[in-house]
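Here's the structure we're looking at; comments come further down.
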Amino acid sequence: MGVCPYARAFVAGILSPSGLAPQGNPRGGSSGLPREAVVPDAAVMTSTCDQMRRAAEWLAMAGGPPVFLMNVPATWQTAASVRMYRDELERLGRFLVRLGGSPPSPNRLIEVMEDYDARRAALRGLVGTLSAWQASEAVARFDLDPYEESMDPVQAGATGGLPASAERYERTSRPWHPDSAAPAIPLALIGGPLMLGDGRLFEAIERAGGQVVLDGTEGGVRTMPAPLNRRRLRDDPLMELVDAYFGSIPDVFRRPDSALTQWLGREVPASGARGIIVWRYVWCDLWAAAVGRLRESTGLPVLDMDISGDDAGFDRTAHRLAAFLEVLR
Amino acid sequence: MTGPARRLTMEELDRLCGKRLAAAAGAAPGQGDTPAYIGPLERHVRDGDRRLLRLWYDDSEAAVRLWSFLLTEEERLHAARAAGLRIVGAMKDLGTVPVMAYALPNLVAFYPDGAWWTPCVMELSEGLFGVAQSLGLGEAFCPVRAMAGAFVTRAHFPIPDLLTCSVGATCDDFSAVAQRVESLGHPILWWEIPSRRRPESGEPAVTLPGGLVAPTSQVAMVRSELDRVRVALAELAGLPLGDAELAAAIREANRIRGLLGELRRLAYTAEPCPMPALEMLIAEMLAIHFCSDRAESAAVLTELLGEVRRRIHEGRGVMEAGAARLFWVNPVADLRVMNLLEECGARLCGTDYMFCHALDRIPEDLPPLEALARTALADPMVGPSADRAARIIRDARALGAEGIVVSRIPGASHCALEGAVLRRIIEADGGLPVVELEVPPVADPLWPTLTTRLDALVETVLASRRKQVIV
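Protein chains in written order, with the numbering used here: chain A, 1 to 329; chain B, 1001 to 1471.
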């Protein structure tokens, strides 16, 4: 009662990793990507929402592994909030060292950051050629294992970075139904994180005649850190890390949330979306409050999808999607 | 010794008010202490405050003053604006920014958050929830969404000249509602309050008011944030706001906290209970923002304290001795539920209305911003629930509580998880029975359920007493 399905699933997934089910576990993959049952040595959570902040305590009380609750400031326009984020990165480093890690030398840190940056660049190039569903999978796969072969920038250059079985995405004039000549209705998907198995959302959208042309969920491209500045990286790698993450990712918890507003104001029109689906979990106040403003600021129809996280709830979701697209059609 | 003081209906309280006003009218100039705001509550009912008709009140002139003071805050704010004072709307921090604002003579501070009680007091007739709904803030949000409606209707408080809001480790409900307010064209000075954590081994740390310990780095962060608030207040006032002004304001705030501290100590420990739960709830709220008049807040609390001391001296309370002694966690959205506590045979014996940090004395032996930062970081809502639970247990034991009521706020995103954590810790470590309730702004439809749950807790407490006697 009163608990966000994502937070609940996160805690359950940590406490019972072997019980991972297609539904009810936070994303490591958005479409049921295989995930091995690994008992984590620690959990890293952030203070960006009430539910996860409290869930960190819940996890600790339930006898879970060591928990690191990272303070991510809601404010972002002051030197103090930047300093706090940097301090938290250093504290996270100490936590990882206590778990058995070894502190990296500055050069080693730069090397790792450059490698990640290159792989992210490859990923960015990749997602532009994929359907939203495939892109979501690719980002999820990157989050799980950025060293997966298909994420290798060299491989990406040779093969386009696509998994062998992936279907090339045709951005235009894709029929929404095999028997229909009508184009699919372009939609923006905005909101919180998807969970393992939520790839069926994309499937349901396509089945209903829609097509996601902008994935603004928490696991999508919206929350990818900015490309690194190589010169600044050499001067102060940790500060560059702060800039790439804290300084660039627009999200709903920020105060003021103008960066998110600007991102939406830029990306939604550019995507050509004719409607917006807001994916939010019940008890997520931050995204719930964004729905009304999205309607006002974009002038587009908005479907407010309050997700309960259970299968019965998804059936309802599919029906609502179908109705929404019927109206848009 | 006489029987318990009667509880009054509003009509009876207004008769008592009439007597006080008549006595004041007949008194010689300079005699007595009956400020101009004192008047019958019936005038507020005419303005729509219908819940007042359903409440039971304490039978004292001190209560007359308390209620009149509370219900005339909007008039005071409008009068302040008319007099050329600048108005600060402090949001969410519950007890820090007003202390700073009242350091300047031409500023008045209040909490727009207080509008969360308007739907209760007006029994939903004011339409604030409907306006909030139209802004996309529906029932999934805590009743503080009424605040957004009040900014739209402008019918409840004057629009502040400066709005501040603490964010970070605060309720998402509040953060989301405040962001919606800003989107309506009301700029907000957001200041960060980080999630309080325990210091790591060897990390420099300081003790906060209330006994908690926090890393020095977190205190420094809050101090720098409050310095931004200080600059904004000084600019608004057009006056300097330095350490001397802040130190004086802290002393004044501590004077009020001292009065309230003594009132709480007596009201929550004396047997029989000398002051009802509802009036104590209102009194505690004065410590946060002084109800827009710091000096008068002190006078109101002084009169209440005098009444409590008189009753204790006379061995007289508001109910028979021996009532179940309950500690209350979180404020109720429906004020009437505090009456219910006593109707169920219990008495209030300690509280955590989410602002314990506003009850503790602000250190006077530190630089003022450092002292305020430490106080702000002691907010029970910005730290681990385990810290909050530990203080509840400590206070409950000190005050002799026998049971604990965790009152949830409907829609509040932190309440369900936090309530469960609090309950688990309190039951395990405190050894006290706990009952959780959810109280909506008008709780009448839930009255039988709430009564049953409180009855059950009271019965558990009384049964435990009998068991101890037998053993």
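Where a beta carbon is used, it is the ideal one built from N, C-alpha and C, also for glycine.
Quick check: what's the CA-CA separation for residue i versus residue j?
i, j, result
"aspartate 1352 of chain B", "isoleucine 1392 of chain B", "7 Å"
"glycine 1136 of chain B", "valine 1181 of chain B", "12 Å"
"isoleucine 1087 of chain B", "tryptophan 283 of chain A", "34 Å"
"threonine 1269 of chain B", "histidine 1156 of chain B", "37 Å"
"methionine 52 of chain A", "leucine 99 of chain A", "22 Å"
"glutamate 1123 of chain B", "leucine 1301 of chain B", "28 Å"
"arginine 254 of chain A", "cysteine 49 of chain A", "10 Å"
"arginine 234 of chain A", "isoleucine 110 of chain A", "7 Å"
"isoleucine 1014 of chain B", "leucine 1305 of chain B", "In the sequence as displayed, the identity of residue 1014 of chain B is aspartate instead of isoleucine. C-alpha separation (whole angstroms): 21 Å."
"threonine 1153 of chain B", "aspartate 145 of chain A", "52 Å"
"alanine 1323 of chain B", "glycine 1202 of chain B", "47 Å"
"leucine 162 of chain A", "leucine 126 of chain A", "Its pLDDT being 41, under 50, leucine 162 of chain A is placed unreliably in this model, and the value from its coordinates should be taken loosely. Their backbone Cα atoms lie some 7 Å apart in a straight line."
"tryptophan 58 of chain A", "proline 1331 of chain B", "23 Å"
"lysine 1092 of chain B", "tyrosine 147 of chain A", "44 Å"
"glycine 160 of chain A", "glycine 191 of chain A", "For glycine 160 of chain A, the pLDDT reaches just 42, beneath the cut-off of 50, and the residue's location in the model is therefore unreliable, although a value from the coordinates is still provided. So the two alpha carbons sit approximately 28 Å from each other."
"leucine 1286 of chain B", "threonine 217 of chain A", "43 Å"
"proline 1040 of chain B", "glycine 1430 of chain B", "43 Å"
Under a CB-based cut-off of 8 Å, is residue i close to chain B?
i, result
"aspartate 198 of chain A", "no"
"glycine 2 of chain A", "yes"
"aspartate 310 of chain A", "no"
"alanine 69 of chain A", "Residue identity differs from the one stated: residue 69 of chain A is leucine in this sequence, not alanine. Output row for leucine 69 of chain A: interface = yes."
"arginine 255 of chain A", "yes"
"methionine 61 of chain A", "yes"
"methionine 84 of chain A", "yes"
"arginine 266 of chain A", "no"
Less than 8 Å between the beta carbons of residue i and residue j, yes or no?
i, j, result
"valine 1435 of chain B", "alanine 1412 of chain B", "no"
"leucine 1260 of chain B", "glutamate 1296 of chain B", "no"
"glycine 265 of chain A", "serine 308 of chain A", "no"
"proline 1276 of chain B", "valine 1308 of chain B", "no"
"glycine 1168 of chain B", "alanine 74 of chain A", "yes"
"isoleucine 277 of chain A", "leucine 303 of chain A", "yes"
"arginine 1424 of chain B", "leucine 1437 of chain B", "no"
"alanine 1299 of chain B", "proline 1410 of chain B", "no"
"glycine 1403 of chain B", "leucine 1432 of chain B", "yes"
"leucine 1163 of chain B", "arginine 1257 of chain B", "no"
"alanine 1247 of chain B", "leucine 1377 of chain B", "no"
"aspartate 1059 of chain B", "leucine 1008 of chain B", "yes"
"aspartate 1379 of chain B", "isoleucine 1159 of chain B", "no"
"alanine 42 of chain A", "proline 66 of chain A", "yes"
"proline 256 of chain A", "tryptophan 1190 of chain B", "yes"
Identify every residue that forms a DSSP beta bridge with residue i.
i, result
"tryptophan 133 of chain A", "Beta-bridge pairing links tryptophan 133 of chain A to no other residue."
"valine 1405 of chain B", "B:Trp1328 and B:Val1435"
"glutamine 211 of chain A", "A:Pro186"
"serine 1166 of chain B", "B:Trp1191"
"leucine 303 of chain A", "A:Ile277"
Please confirm whether residue i has its beta-carbon closer than 8 Å to some beta-carbon of chain A.
i, result
"phenylalanine 1129 of chain B", "no"
"proline 1448 of chain B", "no"
"serine 1297 of chain B", "no"
"methionine 1221 of chain B", "yes"
"valine 1167 of chain B", "yes"
"alanine 1386 of chain B", "yes"
"glutamate 1235 of chain B", "no"
"glycine 1431 of chain B", "no"
"proline 1160 of chain B", "no"
"glutamate 1225 of chain B", "yes"
"tryptophan 1190 of chain B", "yes"
"glycine 1114 of chain B", "no"
"histidine 1414 of chain B", "yes"
"arginine 1325 of chain B", "no"
"phenylalanine 1151 of chain B", "no"
"valine 949 of chain B", "Since the displayed chain B opens at 1001 and closes at 1471, residue 949 of chain B lies outside it and no answer follows."
"serine 1407 of chain B", "no"
"valine 1439 of chain B", "no"
Along the chain, which unbroken stretches of the beta strand (DSSP E) at least 3 residues long are found entirely within the stretch 43-126 of chain A?
43-46 and 67-70
Short of 7 Å Cβ to Cβ, which residues in the stretch 280-297 of chain A face chain C?
The question asks about chain C, but that chain is absent: this structure's protein chains are A and B.
Minimum length 4: unbroken alpha helix (DSSP H) runs contained in the stretch 1291-1334 of chain B:
1294-1314
Please give the ranges of any beta strand (DSSP E) in the stretch 194-239 of chain A, keeping only runs that are unbroken, at least 3 residues long and fully inside the region.
210-216
Could you tell me which uninterrupted alpha helix (DSSP H) segments, each at least 4 residues in length, are contained entirely in the stretch 1082-1162 of chain B, listed from first to last along the chain?
1097-1101, 1118-1121, 1128-1134 and 1146-1153
Can you check the stretch 1336-1384 of chain B for any beta strand (DSSP E) of at least 3 residues that lies completely inside it and give the ranges in chain order?
1346-1352
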